[in-house]
Every structure is written in C-alpha cells, then in structure tokens.
C-alpha cells in the first residue's frame, strides 16, 4: 500500500468515526414546473392526439415518434416519410416539459428514447438518422442515415430535462445519454475551425473546398443550450461556439436592422458569414428567412429569458420592432418569409412564422405585441405538424413551463467547471469541518440528497484513486 493510499484509508476511517454535520440531508432541487394555462394544456391534448404515434413494427419494445408526414402508408399505398429527427427532438422536449401534467409523459418519453436509439446516424452513433419512412412492413431510414444538427441538439437537451424531472438511476440513464449525444454533436456537428454549427454530421468529412464545409443554418442557432452543454460536460468549446454564433447574429442585426436571420449562411472571402445564394441547399429562399429560420425568434429569444444574454435581448428588440412596424401592429399580417433587409417574399401568413414572435416579444418585454401574437396562435385554427408543434413549444415556454436542466459537472464540488483531484481535496476538507464547497449537488454521488463519507468514497472510485 503506497503512502497516498494509506493516508486515504486513514482519512476515511477518521471520517467514519466523526459525528459529521453532513449527515443532515439537503433538500432536493426537484424540477419545478409552473402551472400551465388551460389554453396550453388544451392545445397539448390536441397536439398529442394528432402527432404522437406508436411504432407498429417494434415487437420487442415500445417505441413512439412524432408523425410529421402528410399521409400514412395505409392512405398512400406506397412508401411515405413519417418522421424526422427535428420532429423527434420536439416531441421529447414537449413530453419532458409536460411530465407534471400528463401521467403518460414519462412512458412516451422513454418510448421516444428507444426509437431514437433504434435509428442512429451512420456517422455519429449517438446522433439520430434524420428521416424515417414507412414501407408497409417497417420504418426505414430514408434519404441517407446521417444527422441534422437541430434535432440532435433538441434530443440532447430533452435528455437533460428528463434527468431533472425523473433522475437517471432508473432503466435509462438520461444524463449519460445526454452527455454522449452532446459530445458527438461537438465532434461531428461543430466546425471547430470556423466555430459554427454544421448542417449535420454529413459534412463532417467534407473538404474545405466543399461549399457546405463552412455553411451553417440559422435555425440551428439554439444558443440557449450552449452554456448548458458547456457546464454539463465541462467542455469550454461550447462557450467558444456560443460566442462565435452571437458574432454572426450580431453582425446580421447590425447590418440589416431587422432581426431577420437567413435560412443558410456561408463564409465569404473575407471570413464574414453572409446569406447563402438561392438554391444553395433547399430552395430559392435559402438566403432569406423562410421555413427554417422562421424559428429564430423563439430559439434566440429563449436565451434572454433563460440565461439573460444581452445580445439575445438586442435581437429580440430588433425583430419585435421590425415586425410591429412592417405589419402595422397586426400579427395576422406577418408573412411567410422575408429577405434579410425586411421585404416579404410571400403573400400568405403561416403559423410557424407567427408563434416564435411571441417568445421574442416576451424577451423584449413588449406586452401589447406579445398578447396580440399569442391570441393569433390560439385562434389560428387547424394547421400542420410544423406550425402546431412550434406553437406548442412556444406556449410551454411562454407559460413558464420550460425546464432548465441542472448544469453542474458531477464531482465538481469546488465549482470550477472540472472534476479532478482538487474536488476530492475540497470535499475531504469540508467533511472534516474545514473550508467550503461551491456545489453540494455535484458531490451527491449516492443521489440521496446529502453528502457524507459514502459520497467521498464513490468520488475516489470515480477518480480511480480508490479501487
């Protein structure tokens, strides 16, 4: 036995013999979900009945997915797409957020987790293949089995929400699954030269001459998640990505003064990110705000509501002012798409363009516009998966029902963002009545809402000091 192990053994023996104040249990930080309005719960009941579907071909386990298609196989008589990772991530977020309202939410969430694991990307094993189709005998990956970044980010965040709601000591370790997904997102879906989100893991091995190598999608600017991912994993690269994503957002806000975020952006010869040309990937509106970046006011506005980011606040002020001015304060006049400088590219209204403005208005503290937008959302009438699902998520957030995961790094009791031997020293000293710790939850290895010598021993095992 070496000298350090002897010292550790003596320390543990001493700790076990002391009447430690730490045997008093701490109060658990249980997830607290605000009371949702009847408007939101009614909307949820309709949404769930329309879009949550059990996989009929899974024989050995129960799986669920969010139906996003226009027809089922039985209706069409031929192979049809039924879901995508984007829809799946949305569904997992909604189920976790509705856990205190819907007694079936956990079972459905777990079924959605099993579905996600059944359809992995062929590139990043903890990412999800982006689309599945029904051929009448199975759900198969279609249009390739690679990933889409926003769906993976939502799935990872939803797993963190699940960890906060239900804990991770049951059948599914939500926290570890989330970390695995987050790490794969960083590896395969973050361009670590330009520090942008890739379009998906399918561009991971693209050459620098590939037009998609330095391209990013405005709807993937889910900035609210990035500080959470950084803290959960202890990976500071998420902070670098966060800061650089805001440099792109701020540049667009400063240049155009509208808050309009294009669907796709590319890097020009000077290194600046600019709107993509027409038909870059999907349509002639790839350089405009269209059916991708219509979500940006929600995604970016959330970062002010949750994290208090002042750049998100400036964005929210800008987009809210622009929309009020361009519609003469009538949200029914919000059009389905705009150029970066604010010209409408369509002559129709669409729910998916309206509901995200509710979150931006909440961030901007514009009560009058917020209430007008919310009224449109609730009275819009029957719509399709995309608009109704985005509205569902916005209503949950607007009611205060959004769950912010615990963001400590397990073991990081000194709260420096990392778990290492210094945390063991801090916890040892604190248990002996000397010094303080920054985050008791990070040291609760036993998950019993208290810290004692048993947690210390597990910490030593985790650090591979005590075997």
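Numbering (my numbering), first residue to last: 1166 to 1632. Ideal Cβ placement from N, Cα and C applies to all residues, glycine included.
### Task
Please list the segments of the beta strand (DSSP E) lying wholly inside the region 1204-1267, counting only runs of 3 or more residues, in order along the chain.
1217-1219, 1229-1231, 1245-1249
### Query
Which whole-angstrom value describes the C-beta separation of residue 1382 and residue 1457, a residue pair presumed to lie in contact below a C-beta threshold of 8 Å?
6 Å
### Query
Nearest-angstrom Cα distance between residue 1610 and residue 1328?
14 Å
### Given 8 Å, three or more beta-carbon pairs between the region 1542-1557 and the region 1565-1585
no
### Query
What's the C-alpha gap between residue 1198 and residue 1518?
Unreliable placement is indicated for residue 1198, whose pLDDT of 48 sits below 50; no coordinate value is reported for it.
### Query
What do you get for residue 1295, buried or exposed, if any count of 16 or more other CB atoms within 10 angstroms of its CB means buried?
buried
### Query
Is residue 1299 helix, strand or coil by DSSP?
Of the three classes helix, strand and coil, the one that applies to residue 1299 here is strand, per DSSP.
### Query
Using the C-alpha atoms, what's the distance from residue 1261 back to residue 1584?
Cα-Cα distance, rounded: 28 Å.
### Query
Using the C-alpha atoms, what's the distance from residue 1523 back to residue 1215?
23 Å
### Query
Hey, how far is the Cα of residue 1188 from the Cα of residue 1592?
Low local confidence applies: a pLDDT of 36 at residue 1188 is under 50, so the model's placement there is unreliable, with the coordinate-based value given in what follows. Roughly 14 Å separates the two Cα atoms.
### Task
Could you tell me whether the Cβ atoms of residue 1450 and residue 1433 are closer together than 9 Å?
For the 9 Å CB-CB criterion, residue 1450 and residue 1433 do not form a contact.
### Query
Excluding sequence positions up to five away, which residues of its chain have a Cβ less than 8 Å from the Cβ of residue 1236?
1245
### Task
Out of 1480, 1250, 1424, 1465, point me to the one whose CA is closest to residue 1454's CA.
1424
### Query
CB residue 1377 to CB residue 1392, shorter than 9 Å?
Result no, Cβ atoms of residue 1377 and residue 1392 do not sit closer than 9 Å.
### Simplified DSSP assignment, three categories, for residue 1290
coil
### Query
Taking just the CA atoms, how far does residue 1415 sit from residue 1252?
28 Å
#### Entry: Within 9 Å, strictly: CB atoms of residue 1322 and residue 1263
In this structure, residue 1322 keeps its C-beta atom at 9 Å or more from the C-beta atom of residue 1263.
### Query
Do you know how far the Cα of residue 1599 is from the Cα of residue 1258?
42 Å
### Query
Straight-line CA distance for residue 1221 to residue 1595?
54 Å
### Query
Are there three or more Cβ pairs, one per stretch, closer than 8 Å when the region 1508-1517 is compared with the region 1437-1448?
no
### Query
Okay, do the region 1491-1511 and the region 1467-1480 touch, 3+ Cβ pairs below 8 Å being the bar?
no
### Neighbourhood of residue 1487 by C-beta, 8 Å cutoff - its chain only, sequence neighbours within 5 removed
1422, 1423, 1424, 1425, 1507
### Query
With distances taken between CB atoms, is the gap from residue 1160 to residue 1420 smaller than 9 Å?
Shown here, the chain extends from 1166 to 1632; a query on residue 1160 therefore has no answer.
### Message
Tell me the residue span of the alpha helix (DSSP H) that contains residue 1324.
### Response
1314-1331
### Query
Taking all protein chains shown into account, do 16 or more other C-beta atoms lie within 10 angstroms of the C-beta of residue 1195, making it buried, or fewer, making it exposed?
Low confidence applies here, because residue 1195 scores a pLDDT of 37, under 50, leaving its location unreliable; read the following figure in that light. Classification of residue 1195: exposed, given that the 10 Å Cβ count is below 16.
### Task
Compare the beta carbon distance of residue 1218 and residue 1550 with 9 Å and say whether it is the shorter of the two.
no
### Residue environment, residue 1441, which counts as buried when at least 16 other CB atoms sit within 10 Å
Residue 1441 should be labelled buried.
#### Entry: Straight-line Cα distance separating residue 1411 from residue 1317
20 Å
### Query
How should residue 1179 be labelled, buried or exposed, when 16 other C-beta atoms within 10 angstroms of its C-beta is the threshold for buried?
With a pLDDT of 47 at residue 1179, under the threshold of 50, the modelled position of that residue is not reliable, and the figure given next carries that caveat. Residue 1179 should be labelled exposed.
### Task
Quick one: measure Cβ to Cβ for residue 1404 and residue 1365, integer angstroms, because I've assumed they're closer than 8 Å.
Contact doesn't hold; Cβ gap of about 23 Å is too wide.
### Query
What is the DSSP secondary structure of residue 1382, reduced to helix, strand or coil?
When DSSP states are grouped into helix, strand and coil, residue 1382 belongs to the strand group.
### Task
Measure the C-alpha to C-alpha separation of residue 1467 and residue 1532 and round it to an integer number of angstroms.
16 Å
### Message
Within a Cβ cutoff of 6 Å, which residues of the same chain sit near residue 1368, ignoring the five residues on either side of it in sequence?
### Response
Hits under 6 Å: 1377.
### Query
With which residues is residue 1430 paired in a DSSP beta bridge?
BP columns for residue 1430 point to 1381, 1440.
### Query
When we look at the beta-carbon of residue 1312 and count the other beta-carbons within 10 Å, is it buried (16 or more) or exposed?
buried
### Query
Starting from residue 1517 and walking both ways along the alpha helix (DSSP H), at which residues does that stretch end?
1516-1528
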